[in-house]
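Undergrad:
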């Protein structure tokens with residue numbers, strides 16, 4: 001609950017602030033000091049960070065201030081305070097992966113994405129809390145909108161620290177729902193790009209449908225962070241990486257959007273959440289956007305039918321890919337693993353390579369069903385989560401609405417446009433593979449048309 | 451030079467030895483003790499290992515002995531002494547990557563391939579010497595056939611330790627020539643599978659054309675090691691992994707083989723090496739195998755032409771992918787990096803993502819030219835190296851003949867069938883993507899038809 005001395009969480013977009021940097025009316029150093037004041041204020045209540053390196057952050061902000069003053073910023077995000085999910089390696093801080101098995105463990109190098117952020121001038125404040133091995137077991141971070149509620153996961157600390165303005169953006173990852181769900185729960189913008197679009201070297205999320213995601217204070221900020229990383233280190237090795245312009249694509253009104261219910265609509269969505277989406281759809285129709293659904297479009301219907309088993313298929317793909325690692329961690333010290341980790345480890349213990357190959361084929365088939373939709377609509381929309389963040393810190397909440405874009409390997413965004421019972425809730429935009437810029441252009445229009 | 455007390459290097463195939471394990475006439479523990487005697491004898495002269503864990507190896511061999519006695523081996527390679535290239539993580543030993551920057555560094559976990567080997571019962575003796583970051587700068591390993599000569603690289607210690615029988619197989623990696631070249635120089639079998647065919651999680655060779663390779667004492671051994679790994683941990687996440695039968699595919703006589711010269715034929719191959727290949731081709735013709743070359747087949751000619759720039763294209767692809775890492779290592783301590791590392795780092799410093807995307811497209815185009823050859827022949831053959839191992843430890847030798855299969859992402863094998871000036875030299879078999887089993891079946895026939 002918000003205590004009387006607490007203010008509402010408020011994000012701090014960075015790109016908008018940089019316009020005063022050249023004149024010296026504001027500086028990256030001042031921007032950082034506000035970050036650190038917010039850190040002092042919020043961190044004891046929300047527990048978003050595993051560790052910080054504030055002296056390095058201050059020194060980086062000083063250098064950035066000099067560059068802006070000289071008219072030579074390294075990039076538009078030069079000086080941006082950022083957080084790094086603690087599943088991603090950093091040369092100056094441990095990478096503990098949310099597990100006591102890696103307490104104090106040092107990679108002795110930056111991940112590709114982290115190195116790119118430094119080269120773009122970003123100011124890295126610290127490592128943000130991840131669930132255990134970026135899976136399901138939460139590690140204590142609280143939702144700043146109501147500290148009795150979960151911030152979501154697995155990018156728990158990234159979402160919470162963005163929501164209160166400590167950082168303007170933070171790196172997350174998503175293999176099931178780990179970027180869009182915490183973004184939705186904490187009321188920030190979440191961007192999960194096309195799979196492989198951001199280089200994951202040095203990020204310990206190796207599953208084939210996992211992806212580095214960005215949580216940020218604005219669409220401009222998340223696009224820019226993703227763009228600056230990819231310009232410097234590309235996508236996963238051998239892939240073309242995120243495609244798109246140097247700045248957030250211009251807002252573009254869609255001709256047609258497909259509304260996806262997904263299995264979560266029946267099983268988990270609250271009345272408030274459904275009303276939010278339904279009202280949004282009504283406004284879109286009034287604005288002249290065509291809407292197709294499972295009821296008037298056979299391609300949408302085909303996809304909806306294929307998504308019925310998407311959660312289990314996703315878990316099985318990940319289950320095979322994690323199986324040996326889970327076994328290895330059990331061997332090291334099962335007593336240091338969560339119950340849910342041990343249960344999942346057992347559940348997928350007997351998967352075979354043949355089964356996995358069949359699962360990959362099935363996933364490829366469903367991806368083609370989704371790709372066919374591009375003839376009918378510009379993007380899909382749905383909820384980013386079935387409700388606002390639920391009460392309790394023992395679970396990171398229902399992940400179902402994150403599954404489709406993860407399974408499909410396509411871009412998705414959570415836009416902080418809804419609320420449910422006084423807490424934030426995201427509208428999710430799901431784009432087409434390798435067309436992340438189009439998804440962002442439509443998202444930009446939706447943010448303006450709110 | 452071989453001193454009078456030294457014996458010739460002799461490999462120790464493992465699968466052939468296991469037939470006496472059930473009866474107890476031989477045991478994995480006895481097999482290991484012979485390994486360790488060879489280790490005592492050879493290691494001071496060849497420097498193949500960075501570190502060992504012999505007590506763990508003995509304990510593992512004991513357990514394996516029990517399993518064979520009980521008729522319940524975990525796999526056909528249960529008890530096989532193996533070495534792990536020191537670019538690949540191990541939970542019980544440091545992973546130093548051939549660089550003083552990672553001296554004593556611990557991953558605190560096994561790589562996927564290492565965990566799979568343990569689960570298959572293999573006995574891990576130690577970490578084998580790699581060149582600096584699996585690139586070009588050698589780290590002192592000597593060729594057991596003549597200790598004044600290089601063993602090749604980057605999988606230097608893996609090749610040398612297999613050649614003298616300390617291990618029956620060892621893990622290597624190959625992004626340019628790092629498996630087939632040292633196999634050729636040391637006279638062992640080298641198997642570089644289709645790209646992505648063996649799970650690289652925890653192996654620090656992230657480039658898109660890099661691949662885990664196996665160096666072994668026999669074709670049977672290398673196939674089995676690859677197969678057992680993939681059965682347990684698959685290929686790189688999201689790929690089907692190495693395909694093929696549970697045991698080495700039966701020898702198969704090819705109808706037609708394409709002889710590739712590659713640019714190395716003109717620029718680097720010795721007269722002795724050329725004679726070896728030419729004699730082999732003559733024998734194949736006599737045995738009724740059709741031979742096509744650039745002179746009688748336009749598809750072969752097209753590929754030969756595209757291979758002219760293959761080395762530079764490969765280096766550029768790797769150059770972009772390594773660029774940020776090289777820069778990060780320079781920032782840590784340039785004084786701890788080799789001259790060749792620093793030169794390469796500078797050379798590719800200014801590559802852009804657009805240039806890299808163009809390089810990937812060009813690589814894809816050349817791969818299609820190679821794939822078209824499948825209509826004309828069953829496999830390609832060429833030299834595995836332009837000569838036997840050259841004198842000197844300052845360089846790992848000419849890598850050119852390894853480039854084609856690395857650039858093409860297709861399986862290749864070095865078969866110890868030739869010699870050049872009294873030192874071993876490999877015949878290279880280059881197969882088609884995802885048809886590793888066919889390349890091995892043809893290799894098996896070539897080994898028998900020698």
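Chains as they are written, first to last, in the numbering used here: chain A, 1 to 450; chain B, 451 to 900.
A virtual CB, placed ideally from N, CA and C, is assigned to each residue, including glycine.
Only a predicted model underlies this, so the values are computations on that prediction, with no experimental measurement involved.
Just to confirm before moving on: does the CB-CB distance between residue 459 of chain B and residue 614 of chain B stay below 9 Å?
TA: Position 9 of the second chain, counted from the start, is the residue given in the question as residue 459 of chain B. Position 164 of the second chain, counted from the start, is the residue given in the question as residue 614 of chain B. Taking 9 Å as the Cβ cut-off, residue 459 of chain B and residue 614 of chain B qualify as a contacting pair.
Undergrad: Is any beta-carbon of chain C found at less than 9 Å from that of residue 208 of chain A?
TA: Here chain C cannot be found, since the structure's protein chains are A and B.
Undergrad: What does residue 102 of chain A reach in chain B if we use C-beta pairs closer than 7 Å?
TA: By 1-based counting over the first chain, the position of residue 102 of chain A is 102. Chain-ordered, the chain B residues with CB closer than 7 Å to the CB of residue 102 of chain A read 558.
Undergrad: Counting contacts by CB-CB distance shorter than 9 Å, is residue 453 of chain A in contact with chain B?
TA: The requested residue 453 of chain A is not part of the displayed model; chain A covers only 1 to 450.
Undergrad: Nearest chain A C-beta to residue 651 of chain B closer than 9 Å, yes or no?
TA: Sequence index remark: in the second chain, residue 651 of chain B carries index 201 (1-based). Interface with chain A (9 Å Cβ-Cβ cutoff): residue 651 of chain B is included.
Undergrad: Distance cutoff 9 Å, beta carbons only. Does residue 91 of chain A sit that close to anything in chain B?
TA: Translated into the one-based positions of the first chain, residue 91 of chain A becomes position 91. Cβ-Cβ to chain B under 9 Å: yes for residue 91 of chain A.
Undergrad: Assuming residue 173 of chain A contacts residue 155 of chain A under a Cβ cut-off of 8 Å, what Cβ separation, rounded to an integer in Å, is found between them?
TA: Within the first chain, numbered from 1, the residue matching residue 173 of chain A stands at position 173. Within the first chain, numbered from 1, the residue matching residue 155 of chain A stands at position 155. Their Cβ separation, rounded to whole angstroms, is 7 Å, which keeps residue 173 of chain A and residue 155 of chain A in contact under 8 Å.
Undergrad: What residue range does the beta strand (DSSP E) around residue 882 of chain B cover?
TA: The residue labelled residue 882 of chain B in the question sits at position 432 within the second chain. Residue 882 of chain B -> no beta strand (DSSP E), and no H or E assigned at all.
Undergrad: Tell me which same chain residues have a C-beta within less than 7 Å of the C-beta of residue 42 of chain A, skipping the five on either side of it?
TA: Position 42 of the first chain, counted from the start, is the residue given in the question as residue 42 of chain A. Cβ neighbours of residue 42 of chain A beyond the five flanking positions: 144, 164 and 166.
Undergrad: Applying a beta-carbon distance threshold of less than 8 Å, which residues of chain B neighbour residue 115 of chain A?
TA: Taking the first chain and counting its residues from 1, one reaches residue 115 of chain A at position 115. Simply 774, 775, 777 and 778.
Undergrad: With a cut-off of 8 Å on the beta carbons, I'd call residue 452 of chain A and residue 307 of chain A a contact; round off their distance for me.
TA: Outside the shown range of chain A (1 to 450) lies residue 452 of chain A, about which nothing can therefore be said.
Undergrad: Short of 7 Å in beta carbon distance, which residues of its chain neighbour residue 841 of chain B, apart from the five on each side in sequence? Order them along the chain.
TA: The count along the second chain starts at 1 and reaches residue 841 of chain B at position 391. Residues 598 and 599 of the same chain have their beta carbon placed closer than 7 Å to that of residue 841 of chain B, with the five preceding and five following residues left out of the count.
Undergrad: Reducing DSSP to helix, strand and coil, say where residue 269 of chain A ends up.
TA: Position 269 of the first chain, counted from the start, is the residue given in the question as residue 269 of chain A. It is coil, neither helix nor strand.
Undergrad: Do you know how far the Cα of residue 81 of chain A is from the Cα of residue 60 of chain A?
TA: To locate residue 60 of chain A, count along the first chain from 1; it is residue 60. To locate residue 81 of chain A, count along the first chain from 1; it is residue 81. Their Cα atoms are separated by approximately 10 Å.
Undergrad: Taking the C-alpha atoms as reference points, what is the distance between residue 203 of chain A and residue 321 of chain A?
TA: Counting from 1 along the first chain, the entry for residue 203 of chain A is found at position 203. Counting from 1 along the first chain, the entry for residue 321 of chain A is found at position 321. Using only the alpha carbons, I get a separation of about 15 Å.
Undergrad: Taking all protein chains shown into account, do 16 or more other C-beta atoms lie within 10 angstroms of the C-beta of residue 674 of chain B, making it buried, or fewer, making it exposed?
TA: Within the second chain, numbered from 1, the residue matching residue 674 of chain B stands at position 224. When all chains shown are included, residue 674 of chain B counts as buried.
Undergrad: Taking beta-carbon pairs under 7 Å, can you tell me which members of the segment 687-720 of chain B lie near chain A?
TA: Residues passing the 7 Å Cβ filter: 687, 688, 690 and 691.
Undergrad: Please list the partners that residue 232 of chain A has in chain B, where partner means a Cβ-to-Cβ separation under 7 Å.
TA: Indexing the first chain from 1 puts residue 232 of chain A at position 232. Chain B residues near residue 232 of chain A: 774.
Undergrad: Just to confirm before moving on: does the CB-CB distance between residue 25 of chain A and residue 83 of chain A stay below 9 Å?
TA: Mapped onto the first chain, residue 25 of chain A falls at position 25. Mapped onto the first chain, residue 83 of chain A falls at position 83. No, the pair does not count as a contact, with Cβ atoms beyond the cut-off.
Undergrad: For residue 263 of chain A, which of helix, strand or coil comes out of DSSP?
TA: Walking along the first chain from the start, residue 263 of chain A turns up at place 263. In the structure shown, residue 263 of chain A sits in coil (DSSP, three-state: anything other than H, G, I, E or B).
Undergrad: Counting C-beta neighbours from all protein chains within 10 Å, is the total for residue 535 of chain B 16 or more, i.e. buried, or is it exposed?
TA: Walking along the second chain from the start, residue 535 of chain B turns up at place 85. Counting Cβ neighbours within 10 Å, residue 535 of chain B comes out buried, since at least 16 surround it.
Undergrad: By the 7 Å beta-carbon criterion, what residues does the segment 144-178 of chain A contribute toward chain B?
TA: Those would be none; no residue qualifies.
Undergrad: Does residue 112 of chain A have its Cβ less than 9 Å from a Cβ in chain B?
TA: Locating residue 112 of chain A in the first chain gives position 112, where the first residue counts as 1. With 9 Å as the cut-off, residue 112 of chain A counts as an interface residue toward chain B.
Undergrad: Consider the Cβ of residue 68 of chain A: report whether some Cβ of chain B lies at a distance smaller than 9 Å.
TA: Stepping through the first chain from its first residue, residue 68 of chain A is reached at position 68. It does not; no Cβ of chain B falls within 9 Å.
Undergrad: The segment 357-383 of chain A: which residues have C-beta closer than 8 Å to a C-beta of chain B, in chain order?
TA: 357 and 360
Undergrad: I'd like to know if the segment 203-214 of chain A and the segment 172-187 of chain A are in contact, where contact means that at least 3 CB-CB pairs between them fall below 8 Å.
TA: Look at the beta carbons and you see the segment 203-214 of chain A touching the segment 172-187 of chain A: at least three pairs across the two are nearer than 8 Å.
Undergrad: Rounded to whole angstroms, how far is the Cβ of residue 102 of chain A from the Cβ of residue 558 of chain B, which I believe are closer than 8 Å?
TA: As a working note, residue 102 of chain A is residue 102 in the first chain. As a working note, residue 558 of chain B is residue 108 in the second chain. About 6 Å separates the two Cβ atoms, so the contact holds.
Undergrad: In chain B, which residues lie less than 9 Å from residue 74 of chain A when you measure between Cβ atoms?
TA: As a working mapping, residue 74 of chain A is identified with position 74 in the first chain. None at all; the shortest Cβ gap to chain B is about 14 Å.
Undergrad: Tell me the start and end of each unbroken beta strand (DSSP E) in the segment 78-123 of chain A that is at least 3 residues and wholly inside, in chain order.
TA: 81-85
Undergrad: Just list the alpha helix (DSSP H) runs in the segment 1-77 of chain A, keeping only unbroken ones of 4 residues or longer that don't cross its boundaries, in chain order.
TA: If only complete runs of 4 or more residues are kept, the segment 1-77 of chain A shows the alpha helix (DSSP H) at 28-46 and 54-69, in order along the chain.
Undergrad: Quick one: what does DSSP say residue 443 of chain A is sitting in, helix, strand or coil?
TA: Here residue 443 of chain A refers to the residue found at position 443 of the first chain. Residue 443 of chain A falls in the helix class under three-state DSSP.
Undergrad: Answer with buried or exposed for residue 339 of chain A, where buried requires no fewer than 16 other C-beta atoms within 10 angstroms of its C-beta.
TA: As a working mapping, residue 339 of chain A is identified with position 339 in the first chain. That one is exposed.
Undergrad: Does residue 455 of chain A come within less than 9 Å of chain B when only Cβ atoms are used?
TA: Lying before the first or after the last residue shown, residue 455 of chain A is absent from chain A, which here runs from 1 to 450.
Undergrad: Can residue 868 of chain B and residue 723 of chain B be called in contact, C-beta distance under 9 Å?
TA: By one-based count along the second chain, residue 868 of chain B stands at place 418. By one-based count along the second chain, residue 723 of chain B stands at place 273. Yes.
Undergrad: Is it buried or exposed, residue 434 of chain A, if we count other Cβ atoms within 10 angstroms and call 16 or more buried?
TA: Counting from one through the first chain, the residue named residue 434 of chain A turns up at place 434. By the 10 Å Cβ count, residue 434 of chain A comes out buried.
Undergrad: To be precise: take each residue of the segment 780-807 of chain B, compare its Cβ to all Cβ atoms of chain A, and keep it if any distance is under 7 Å. Which residues remain?
TA: 803, 806 and 807
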